[in-house]
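Engineer: What follows is a single structure, and I will ask about it in a moment.
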Amino acid sequence: MVLREAFCQFNGATNMMAGAASILTMAVISLDRYRAIVSPPGRKLTPKQAWVLLTTVWAWSIIIGVLPVLGWNEYAYTPLTGTMCKISFAEGRGYILLVIFTCFLIPLFVMFYCYLRIFLKVRSHKKQIRQRWSHNTDALRNFKRETKTTRVVFTVLFVFIVCWTPFVMVHLLQSFPTINMSHIVFTCVTLVAGLHSICNPIIYTAMNRTFRNELRHVCTCALCGHVTCCAGNNLVRPINIETSVTRS
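Given below as structure tokens:
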């Protein structure tokens, strides 16, 4: 019984940390895209700034994950499965609001603001940029790379919102004692949120020529069933993300 309870606390805390870190990291990426495209040249995030932001992301994610273990709210096994733990939305409404605001709504606002500014910047300056940089091939190629990278990241963000917003909203409503959600609704939003785990590889494969080629290569080797059939083709090859996005 003690081990079961310990596992529940560990499972709940790690899931909460991972979820918080995921969306906060996406907010940091949106800031990086904003600095790369909207801000003046040379204003990209420096490695030191990126390190500070990511350290802050993980520090806050750990705090959010550990708070229920320390007594603010609690982790409990879900009644649907009995094998997975999550925070109790019926208790500690202050903690629920803290999580939703700092790990969902605020990052969402940051991402919407950054990508809206990026969209407006690209749309209003596209022709001007082509004319100004038509003689500067490297600058034009770099702008195209940044734009295509942003397009991929925006797609990842959109899918994240579609998958996780119903889950967050349903659980927020459930925190009010006058609202009672059915198990079917909980099951549906949980399944949709879980589908997000397989979406990113699909997005990168669909939007990146290099990823598609690598996936085709790996599948061919897997179907071949012999290491020797792919030995001459260098099965394991490093992929340059920026280059792959540019080629998509």
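Under this note's numbering, think of the first position of the sequence shown as 1, with each following residue one higher. Beta carbons: idealized from backbone N, C-alpha and C, even for Gly.
Considering C199, what are the terminal residues of the alpha helix (DSSP H) in which it resides?
Structural biologist: Looking at the DSSP string, the run of the alpha helix (DSSP H) that includes C199 is 183–207.
Engineer: How far does the beta strand (DSSP E) with K86 in it extend, from its first residue to its last?
Structural biologist: 85–87 is the extent of the beta strand (DSSP E) around K86.
Engineer: Quick check: the Cα distance between V66 and A13, rounded to an integer number of angstroms?
Structural biologist: Near 6 Å, if we compare the C-alpha coordinates of A13 and V66.
Engineer: Taking DSSP as the reference, what is the three-state secondary structure of V227?
Structural biologist: Note that V227 scores a pLDDT of 48, beneath 50, so its modelled location is shaky; the value from the coordinates is reported in the next line. The answer is coil: DSSP assigns V227 none of H, G, I, E or B.
Engineer: Closer than 7 Å by C-beta to Y34: which residues in its own chain qualify, once you throw out the five before and the five after it? Chain order, please.
Structural biologist: C114, R117, I118, listed in sequence order.
Engineer: Who are the near neighbours of V168 in its chain, counting only those whose CB is closer than 7 Å to its CB and skipping five residues on each side?
Structural biologist: So the list reads I100, F104, once near-sequence residues are dropped.
Engineer: Going by DSSP, what residues sit across from A76 in a beta bridge?
Structural biologist: Answer is K86.
Engineer: Answer yes if the segment 198–208 comes into contact with the segment 151–162, meaning at least three C-beta pairs across the two stretches below 8 Å, and no otherwise.
Structural biologist: Counting Cβ pairs under 8 Å, three or more are found: they touch.
Engineer: Note down the Cα distance separating M181 from P166, rounded to an integer number of angstroms.
Structural biologist: Cα to Cα, M181 sits roughly 13 Å from P166.
Engineer: Can you list, in chain order, the residues of its chain whose CB lies under 7 Å from that of N200, leaving out five sequence neighbours each side?
Structural biologist: Result list for N200: V156, in chain order.
Engineer: Buried or exposed for A27, going by 16 or more other Cβ atoms inside 10 Å?
Structural biologist: Classification for A27: buried.
Engineer: Mind checking whether I63 and T147 have CB atoms under 9 Å apart?
Structural biologist: No, they are not a contact pair.
Engineer: Could you tell me how far apart the beta carbons of Y75 and Q174 are, in whole angstroms, since I believe they sit closer than 8 Å?
Structural biologist: Wrong, their Cβ atoms sit about 16 Å apart, outside the cutoff.
Engineer: Out of C163, H183, R212, point me to the one whose CA is closest to V192's CA.
Structural biologist: Ranking C163, H183, R212 by Cα distance to V192 puts C163 first.
Engineer: Helix or strand or just coil, what does DSSP make of K148?
Structural biologist: Here K148 sits in helix by DSSP.
Engineer: So V57 and T102 are supposed to be a Cβ contact under 8 Å. How far apart are they, rounded?
Structural biologist: Rounded, the Cβ-Cβ distance is 11 Å, inconsistent with contact.
Engineer: Taking the CB atoms as reference points, tell me whether S30 and V122 lie closer together than 9 Å.
Structural biologist: Going by C-beta atoms, S30 is not nearer than 9 Å to V122.
Engineer: Cα separation between R93 and H217?
Structural biologist: Each residue's alpha carbon lies about 50 Å from the other.
Engineer: L53 to K44, Cα distance in whole Å?
Structural biologist: Straight-line Cα distance between these residues: approximately 13 Å.
Engineer: Whole angstroms is fine: what's the gap from I87's alpha carbon to T55's?
Structural biologist: If I take the Cα positions, the gap works out to 24 Å.
Engineer: Around the C-beta of L108, are 16 or more other C-beta atoms found within 10 angstroms, so that it is buried, or is it exposed?
Structural biologist: When all chains shown are included, L108 counts as buried.
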